[in-house]
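K.L.:
In the numbering used here, the protein residues as written are 1 to 334. This is the structure, below, for whatever I ask next.
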Ligand SMILES: NC(=O)c1ccc[n+]([C@@H]2O[C@H](COP(=O)([O-])OP(=O)(O)OC[C@H]3O[C@@H](n4cnc5c(N)ncnc54)[C@H](OP(=O)(O)O)[C@@H]3O)[C@@H](O)[C@H]2O)c1
């Protein structure tokens, strides 16, 4: 084992990831009695990485701030009181600051043991959980409804599409390329919309006159407005993010207040932030892993090869240019 390891830290607060982040090298720590030392193999790249570097995640965040969230890795050492994990075990972690680093020390109780440390397993703990918990616990997802997913071919979107289909719904998904349209069709999306070639509002108005019952919305900006306008009576819009505004900051808009859109339809907008739903993590993780093992749920990982801590800067940009299909990960060399 090496004596030192590298990690990414933010040294200034800005949503421009490349300006905020810096690689630092430090000594490998020893795990405390209830901790494990993990050699990370894969780290998830998330749209929200730029919110973390902007200091929007935790109001009291201090610099330098460790970056990255979920990682899949192998236990390299265990504290003396850790009895149920051994060296060589594969684990997933999901802690703010625990992702973009070659090694991580984590409380053993905060790890999820998995058969193998794969990008697919990694993607379940945030991307999959957000979709599953938002749709079921917040969105009251039913069956025979019309469900719209934005950024549908992305990390969390492709889970939402499949979970809505598995539940027995008609699913519409927005994306930006014909390759993504193909991916969406392959996972059962009934009406993929490439928003570069079709106008989303026009498609919804023409083909879905009764409106959309449930919307999983993570893009924000004008697409969010279109979605609010397209809600059906009793429609629910799950606002999970607004990636289109993360880098430049939220636009100030002036229009009628949102109740004028919602009340006439008894519709609602429901914000969702995954850390507020910890009590549901275990049940939904088990369900997602079961669906994946059965082959009912396909987990897509983007095939771009980002390797090593230095590649994270490019990986974050790649995601924010809208290039990724499925979950984007960075691999750390053995
Ligand atoms: N609330 C929560 O707890 C929670 C948890 C996880 C994720 N999220 C949110 O879910 C959304 C998706 O996150 P993710 O990490 O899974 O990312 P992702 O979907 O894998 O990647 C982002 C995707 O957004 C789409 N996009 C549309 N307009 C964009 C724009 N103007 N700029 C950049 N991307 C744009 C792009 O695909 P297309 O353009 O092809 O659609 C891009 O591939 C984000 O808003 C994120 O914050 C929220």
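Think of the CB as a built atom: it goes at the ideal place given N, C-alpha and C, for glycine as much as any other residue.
Is residue 34 near ligand 1, with its Cβ less than 6 Å from a heavy atom?
P.N.:
Not one heavy atom of ligand 1 is found less than 6 Å from the C-beta of residue 34.
K.L.:
I'd like to know whether the C-beta atoms of residue 266 and residue 234 end up nearer to each other than 7 Å.
P.N.:
In contact: residue 266 and residue 234 (Cβ atoms closer than 7 Å).
K.L.:
Taking the alpha-carbon of residue 6 as reference, which of 170, 77, 67 and 194 has the nearest alpha-carbon?
P.N.:
67
K.L.:
Report the option in 332, 132 and 97 whose CA atom is closest to the CA atom of residue 64.
P.N.:
Cα-wise, what sits closest to residue 64 is 97.
K.L.:
Please report the straight-line C-alpha distance between residue 238 and residue 88, rounded to a whole angstrom.
P.N.:
Across the structure, residue 238 and residue 88 are spaced so that their CA atoms are roughly 40 Å apart.
K.L.:
Quick one: what's got a C-beta closer than 6 Å to residue 216's C-beta in the same chain, skipping five residues either side?
P.N.:
149, 160 and 238
K.L.:
Would the C-beta of residue 184 count as close to ligand 1, meaning under 6 Å from any of its heavy atoms?
P.N.:
no
K.L.:
Which runs of the alpha helix (DSSP H) fall wholly inside the stretch 9-72 and span at least 4 residues, in chain order?
P.N.:
Qualifying alpha helix (DSSP H) stretches, in chain order: 17-20 and 49-53.
K.L.:
Starting from the N-terminal side, write out each stretch of the beta strand (DSSP E) that is 3 residues or longer and does not extend beyond the stretch 109-178.
P.N.:
112-114, 146-149 and 170-175
K.L.:
Whole angstroms are fine: how far does the CA of residue 69 sit from the CA of residue 50?
P.N.:
Distance between the alpha carbons of residue 50 and residue 69 is about 12 Å.
K.L.:
Measuring only from the beta carbon, is residue 274 closer than 6 Å to any heavy atom that is part of ligand 1?
P.N.:
yes
K.L.:
List the endpoints of the continuous alpha helix (DSSP H) containing residue 290.
P.N.:
281-294
K.L.:
DSSP state of residue 254, grouped into three classes?
P.N.:
Coil.
K.L.:
Does residue 182 come out as helix, strand or coil in the three-state DSSP assignment?
P.N.:
helix
K.L.:
Taking 6 Å as the line, does the beta carbon of residue 6 fall inside it for any heavy atom of ligand 1?
P.N.:
no
K.L.:
DSSP on residue 334, reduced to helix/strand/coil?
P.N.:
coil
K.L.:
Using DSSP with H/G/I as helix, E/B as strand and the rest coil, what is residue 197?
P.N.:
coil
K.L.:
Between the alpha carbons of residue 129 and residue 285, how many angstroms are there, rounded?
P.N.:
7 Å
K.L.:
Within 10 angstroms of its Cβ, does residue 143 collect 16 or more other Cβ (buried), or is it exposed?
P.N.:
Counting Cβ neighbours within 10 Å, residue 143 comes out exposed, since fewer than 16 surround it.
K.L.:
Count the other CB atoms within 10 Å of the CB of residue 244; is the residue buried (16 or more) or exposed (fewer)?
P.N.:
buried
K.L.:
Does DSSP classify residue 93 as helix, strand or coil?
P.N.:
strand
K.L.:
Just verifying my parser: in three-state terms, what is the DSSP assignment at residue 309?
P.N.:
helix
K.L.:
What are the residues that DSSP puts in a beta bridge with residue 270?
P.N.:
Note: residue 270 sits in a beta bridge opposite 238.
K.L.:
Which partner residues of residue 326 appear in the DSSP bridge assignment?
P.N.:
154
K.L.:
Between residue 272 and residue 138, what straight-line distance do the alpha-carbon atoms span, to the nearest angstrom?
P.N.:
C-alpha separation (whole angstroms): 8 Å.
K.L.:
Should residue 240 be listed as close to ligand 1, given that the test is whether its C-beta is under 6 Å from any heavy atom?
P.N.:
Result yes, Cβ under 6 Å from ligand 1.
K.L.:
If I measure Cβ to Cβ from residue 179 and keep anything under 8 Å in the same chain, skipping five residues before and after, which residues do I get?
P.N.:
325
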